[in-house]
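**Student:** Just passing along the structure, written as structure tokens.
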Amino acid sequence: MATYVFRCAECSDFEVVQPMSAVRPTHPCPGCGGPSRRVFTPPALRTTPAGLHRAAEAAEASAEAPQVVHSLPGGAPRPRSRRWSPFTGAAPVAADRRPAGPHQPLPKP
Ligand SMILES: [Zn+2]
Numbered sequence: 001m002a003t004y005v006f007r008c009a010e011c012s013d014f015e016v017v018q019p020m021s022a023v024r025p026t027h028p029c030p031g032c033g034g035p036s037r038r039v040f041t042p043p044a045l046r047t048t049p050a051g052l053h054r055a056a057e058a059a060e061a062s063a064e065a066p067q068v069v070h071s072l073p074g075g076a077p078r079p080r081s082r083r084w085s086p087f088t089g090a091a092p093v094a095a096d097r098r099p100a101g102p103h104q105p106l107p108k109p
């Protein structure tokens, strides 16, 4: 089944859902019964990943009526990491584990 758009000269555009094998260039207008011509529209191709599309729709729906949550989303707690972060900086490295630099050690005076 596909959705086709038809335009009546007397009324307005309307959509008809019918099999691709049944579509004709004209369709009787549901308003006045007169003939209406098919309007060719771009196909509704979805290039956005499904999860992102659902999130965008949920964000759009909550713009008018925000959803109220009573708890944080579930999930396992994140492990504490000693890796670099912009808030803590690099994790300290013990002196004996520091890589040797490309420079020769300074001569002792
Ligand atoms: Zn009409």
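Each step along the sequence shown adds one to the number in the UniProt record's numbering, with nothing skipped, and position 107 is 107. Quick reminder that beta carbons are idealized off the backbone N, C-alpha and C, glycines included.
#1: What distance in whole Å lies between the Cβ atoms of V5 and residue 137, which are believed to be in contact at a cut-off of 8 angstroms?
#2: If you draw a straight line from the alpha carbon of P107 to that of L52, how long is it in whole angstroms?
#3: Expressed to the nearest angstrom, what Euclidean distance is found between the alpha-carbon atoms of P28 and G34?
#4: Is the beta carbon of E10 within less than 6 angstroms of some heavy atom of ligand 1?
#5: Heavy atom of ligand 1 less than 6 angstroms from the Cβ of G34, yes or no?
#6: Below 7 angstroms between beta carbons: does that hold for V17 and M1?
#7: What first and last residue would you give for the alpha helix (DSSP H) that runs through R54?
#8: Once you ignore the five residues that flank R7 on each side, which residues in its own chain have a CB closer than 7 angstroms to its CB?
#9: When the distance is taken between beta carbons, is W84 closer than 7 angstroms to A90?
**Tutor:** To lay it out plainly:
#1: There is no way to answer for residue 137, as the model of the chain reaches only from 1 to 109.
#2: 60 angstroms
#3: 5 angstroms
#4: yes
#5: yes
#6: yes
#7: 50 to 64
#8: D13, S36, R37, V39
#9: yes
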